[in-house]
Amino acid sequence: MIFSLNIEFTLKALLSQEDTDNDKRITIEDAGPKSFKIISNSNIAHTIEGTYHLSNLMQELVYAKNKGLTVAEIPLSKIEELPATRISRIITNYLWAGLTRTIDENGIEHLILDSKNESLVAQKLRIYVPFKDTLAYNYYSKLEKRLPVEVIYLPENITPEFVKSINEQPGILSLKLVEENNACKGVPFVVPGGRFNEMYGWDSYFESVGLIVDGKVELAKAMTDNFQYEINHYGKILNANRTYYLTRTQPPFYSSLILEVYEVTKDKEWLQSHLKTAIKEYETVWMVQGKRLVDTCLNRYLAEGIGMPPETEQGHFDAVVKPYAEKAGLSIDDYLAHYTSGAIKNPELDAYFIQDRSVRESGHDTSYRIEGNCADLNLVELNAMLYKYETDFAQLIKDEFNDDFKLDLNSYSSEYWLKKAHERQELANKFLWNDDKGLYLDYNFKTKTQSDYVAATTLVPLWSKMASEQQAKRLVETALPLLKERGGIAASTEESRGEISDNRPARQWDYPNGWAPHQMMIWKGLLNYGYKDEAQELMYRWLYMITKNAVDYNGTIPEKYDVVAATHKVFAEYGNVGTNFEYITNEGFGWMNASYQYGLSLLGDSYIKDLNHLKDPELVF
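Sequential numbering of the sequence shown, starting at 1, is according to full-length UniProt numbering.
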């Protein structure tokens, strides 16, 4: 059955009846009759009933309107589409495109309109270009004549002092350009959510997992190429490609991304180039003694910027700065101005901001697990990720390069990397594994003590295969019961997080919230060790939560969830990206979209059937 509907007339009638809170969405919080009559092409009346089907009708009308149509041809099958099927189709056909950006003439409009540019002089977008990228400099210089952009060369040696010096002149950092048919094009990338226009570090890896599932490997490959560009020109994979992130990296997933793209493309020349760059990143970003490598011979996060992170909202650090300002007899703003200019020296505040920046480098901004001491911790997940680098290098060199990989004057064998991985595993057993508790716990190398904070990251060694079979068994027996909630794995236990109050507010990377990257790594980790039933249950719980919230709330796919209440209504810190839209979601959220597609690709058929019928996980397991 197909319905030919006048879009404006039908949309107006539908919303006036069903959107009772006037938010341009149809959700379970609207108080309309939840019943709307339409006429088919063959003049048969049909009543659309229920929040989900009414919302689908509205969405299909808007999709047609966005194509420039005045009449929509909508099949009943689209209105009554099974929820998991519909969500997956929309992610594949619409949401990835809504999140895809380029830094070229076609993509610069997004950047000019970005609210993060409001402080820019004369509303010009500053584009900073690496010292050696003449192609980019020449291309953007030509754009200055017709677009409100200003192109600026970066110095050859980028220091924390230089980065601080341009904090008042922030801008976007160029990514890779390619020449095709005598024209320059930006190599595309996927942003985390609709409010973002930058390529983020670890978001890009998890998004790529979903892209590969959806047959969009060329886009995942493009992001890998942008990672390579960042390492070659900026010295690291950046937190994101803005100037104030030049001293800050993010969790290391480059080797995983290379491996997973190569498994599809089998492009040997591409692999060779990227493997060289990944080894360079490993050696120059992660394994420099005294920086991100410490005396335990394990790694830490250490963002090297100076002073207050400029990307934070005004007033973010007022509570921290207030005691120093009062002691100096200054207002908070005046104190910060003197501190930023260097007129006031404050080693305590310097140390605080190093810790704060390092939290941001970890990707877990923010959590009480790492607040105030992140740069003093050998974190479980970071060392598990670097273990995977070492074993990935070994695997690729053995399988694809005859166990002999040349890089500059060096020759690497799989044995070289397996030895490094084994050494890291032994150190992890010594410092991070707690045999009494059956958990991996972070290690504070300053106080020489193990943390007692139980977090989802305790399970990351399963993802990287750093855990032994016995350790995996212990983790399944101890960590899963502590962290498993109605909607999946919580970021931490409630006990570890501690009491929440006005003076100790909720942090978004703590209980009761759950995050896509944790779920995706844990699913794969459980499968690595043969725990299929446990993995299927966790996938189902997570996908059920996403599906139920999308069904009840107009297709909403947000950044994160409260997995205890299994809701997208999360208010910790800055709220929940992806929940504020009109009519349709054009983007969802990058790694949440990916987790849905990845989970569906692994979930058994009987569970997918239950999911499409919204069978409560408590009735399934």
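Ideal placement from N, C-alpha and C gives every residue a C-beta, glycine not left out.
* **Beta-bridge partners of Ser-492, as assigned by DSSP** => Taking the sequence shown and counting its residues from 1, one reaches residue 492 at position 492. Partner(s): Ala-455.
* Asked: Counting Cβ pairs closer than 8 Å, one from the region 336-350 and one from the region 195-202, do we hit at least three?
  -> As far as the Cβ criterion goes, the region 336-350 does not touch the region 195-202, which means the pair count is below three.
* To do: Verify whether the separation of the beta carbon atoms of Ala-337 and Ser-358 is less than 8 Å.
  => Counted from its first residue, the sequence shown places residue 337 at position 337. Counted from its first residue, the sequence shown places residue 358 at position 358. Taking C-beta atoms as the reference points, Ala-337 and Ser-358 fail to come closer than 8 Å.
* From the DSSP output, in three-state form, read off Phe-621 for me. => Taking the sequence shown and counting its residues from 1, the one referred to as residue 621 is at position 621. Taken through DSSP and simplified to helix, strand or coil, Phe-621 comes out as coil.
* **Simplified DSSP state of His-46, which is helix, strand or coil** => The sequence position of residue 46 within the sequence shown is 46, counting from 1. Look at His-46 here: in three-state DSSP terms it is strand.
* Pick out whichever of Gly-555, Tyr-389, Glu-537 has its Cα sitting closest to the Cα of Gln-425. => If you number the sequence shown from 1, residue 425 lands on position 425. The shortest C-alpha separation from Gln-425 is found at Tyr-389.
* Asked: Can you tell me whether DSSP reads Trp-286 as helix, strand or coil?
  -> Translated into positions along the sequence shown, residue 286 becomes position 286. Under the three-state reduction of DSSP, Trp-286 is assigned to helix.
* Decide if Thr-366 is buried, meaning its Cβ has at least 16 other Cβ atoms within 10 Å, or exposed. => Numbered from 1 along the sequence shown, position 366 holds the residue referred to as residue 366. The C-beta of Thr-366 has 16 or more other C-beta atoms within 10 Å across all chains shown, which makes the residue buried.
* Measure from the alpha carbon of Gly-315 to the alpha carbon of each residue in Pro-155, Ser-331, Asp-23, then state which is nearest. => The residue given as residue 315 occupies position 315 in the sequence shown. Relative to Gly-315, the option among Pro-155, Ser-331, Asp-23 whose CA is nearest is Ser-331.
* **alpha helix (DSSP H) runs contained entirely in the region 246-309, provided each spans 4 or more residues** => Here the runs fully enclosed are 254-265, 268-281.
* Below 8 Å between beta carbons: does that hold for Pro-252 and Met-385? -> Your numbering for residue 252 matches position 252 in the sequence shown. Your numbering for residue 385 matches position 385 in the sequence shown. Going by beta carbons, Pro-252 and Met-385 fall inside the 8 Å limit.
* Name the two residues that bound the continuous beta strand (DSSP E) containing Phe-401. => Position 401 of the sequence shown, counted from the first residue, corresponds to residue 401. No beta strand (DSSP E) contains Phe-401, which DSSP labels as neither H nor E.
* Asked: When burial is assigned at 16 or more other CB atoms within 10 Å of the CB, is Tyr-511 buried or exposed?
  -> The residue you call residue 511 lines up with position 511 of the sequence shown. Around the Cβ of Tyr-511, a 10 Å sphere holds 16 or more other Cβ atoms; the residue is buried.
* Thr-47 classed as buried or exposed, judged by whether at least 16 other C-beta atoms fall within 10 angstroms -> Residue mapping note: residue 47 aligns to position 47 of the sequence shown, counting from 1. It is exposed - the Cβ of Thr-47 has fewer than 16 other Cβ atoms within 10 Å.
* Collapsed DSSP secondary structure at Arg-101 in the structure displayed -> To locate residue 101, count along the sequence shown from 1; it is residue 101. The answer is strand: DSSP assigns Arg-101 an E or B state.
* **Spatially closest choice to Thr-457 from Pro-517, Glu-260, Ile-108, by CA coordinates** => Here residue 457 refers to the residue found at position 457 of the sequence shown. Closest by alpha carbon: Pro-517.
* Are Glu-304 and Thr-247 close, meaning C-beta to C-beta below 8 Å? -> Taking the first residue of the sequence shown as 1, we reach residue 304 at position 304. Taking the first residue of the sequence shown as 1, we reach residue 247 at position 247. Contact: yes.
* Assign Ala-572 to one of three DSSP states: helix, strand, or coil. => Locating residue 572 in the sequence shown gives position 572, where the first residue counts as 1. If DSSP states are grouped into helix, strand and coil, Ala-572 belongs with coil.
* Asked: Can you tell me the Cα-Cα spacing of Arg-541 and Arg-486, whole angstroms?
  -> Locating residue 541 in the sequence shown gives position 541, where the first residue counts as 1. Locating residue 486 in the sequence shown gives position 486, where the first residue counts as 1. Distance between the alpha carbons of Arg-541 and Arg-486: 6 Å.
* Which partner residues of Glu-485 appear in the DSSP bridge assignment? -> Taking the first residue of the sequence shown as 1, we reach residue 485 at position 485. Paired residues: Gly-488.
* Asked: Can you tell which of Lys-185, Glu-60, Lys-548, Ala-491 has its C-alpha closest to the C-alpha of Thr-70?
  -> Taking the sequence shown and counting its residues from 1, one reaches residue 70 at position 70. It is Glu-60.
* To do: Measure the CB-CB distance between Asp-104 and Ser-256 and report whether it falls below 8 Å.
  => To locate residue 104, count along the sequence shown from 1; it is residue 104. To locate residue 256, count along the sequence shown from 1; it is residue 256. Not closer than 8 Å, so no.
* Asked: Buried or exposed: which applies to Gly-68, given that a residue is buried once 16 or more other Cβ atoms fall within 10 Å of its Cβ?
  -> By one-based count along the sequence shown, residue 68 stands at place 68. When all chains shown are included, Gly-68 counts as exposed.
* Asked: Looking at the unbroken alpha helix (DSSP H) that takes in Arg-360, where does it start and where does it end?
  -> Here the question's residue 360 lines up with position 360 in the sequence shown. Annotation: the continuous alpha helix (DSSP H) that includes Arg-360 extends over 347-361.
* **Run of the alpha helix (DSSP H) containing Glu-423, from where it starts to where it stops** => Against the sequence shown, residue 423 aligns to sequence position 423. Counted as a single uninterrupted DSSP element, the alpha helix (DSSP H) harbouring Glu-423 occupies residues 414-431.
* Rounded straight-line distance, which links the Cα of Leu-293 to that of Phe-106 -> The sequence position of residue 106 within the sequence shown is 106, counting from 1. The sequence position of residue 293 within the sequence shown is 293, counting from 1. Note that residue 106 is Asn in the sequence shown here, rather than Phe. If you take the alpha carbons of Asn-106 and Leu-293, they lie about 41 Å apart.
* Name the residue from Ala-72, Leu-135, Thr-249 whose alpha carbon lies nearest to the alpha carbon of Leu-175. => Here residue 175 is taken as the residue at index 175 of the sequence shown, counted from 1. Distances from the CA of Leu-175 to each of Ala-72, Leu-135, Thr-249 were compared; the closest alpha carbon is that of Leu-135.
* Of the residues Arg-89, Asn-410, Ser-451, Gly-488, which one's Cα is nearest the Cα of Asp-214? -> Position 214 of the sequence shown, counted from the first residue, corresponds to residue 214. Residue Arg-89 is the option with its Cα nearest to Asp-214.
* **Simplified DSSP state of Asn-6, which is helix, strand or coil** => One-based indexing of the sequence shown puts residue 6 at position 6. In this structure, Asn-6 counts as strand in the three-state DSSP scheme.
* **Given 8 Å, three or more beta-carbon pairs between the region 524-539 and the region 552-562** => No contact exists between the region 524-539 and the region 552-562.
* Quick one: grab the DSSP three-state call for residue 628. => No statement about residue 628 is possible, as the shown extent of the chain runs from 1 to 621 and does not include it.
* **Where Val-121 falls: helix, strand or coil (DSSP)** => Sequence index remark: in the sequence shown, residue 121 carries index 121 (1-based). Confidence at Val-121 is low in this model, with a pLDDT of 41, below 50, so its placement is unreliable and the value that follows should be read with caution. Helix, per DSSP.
* According to the Cβ coordinates, are Val-187 and Leu-154 closer than 8 Å? -> Working through the sequence shown from its first residue, we reach residue 187 at position 187. Working through the sequence shown from its first residue, we reach residue 154 at position 154. Contact flag unset, no.
* Asked: In chain order, which continuous runs of the beta strand (DSSP E) of length 3 or greater are located wholly inside the region 118-197?
  -> For the beta strand (DSSP E) assignment, the uninterrupted runs of no fewer than 3 residues enclosed by the region 118-197 are, from N- to C-terminal side, 125-129, 149-153, 177-180, 183-186.
* Asked: So, helix, strand or coil for residue 623, using DSSP?
  -> Past the boundaries of the shown model lies residue 623; the chain is included only from 1 to 621, so the question cannot be answered.
* Which term fits Arg-300, buried or exposed, when burial requires 16 or more other beta carbons within 10 angstroms of its beta carbon? -> Within the sequence shown, the letter at position 300 stands for residue 300. Flag for Arg-300 reads buried.
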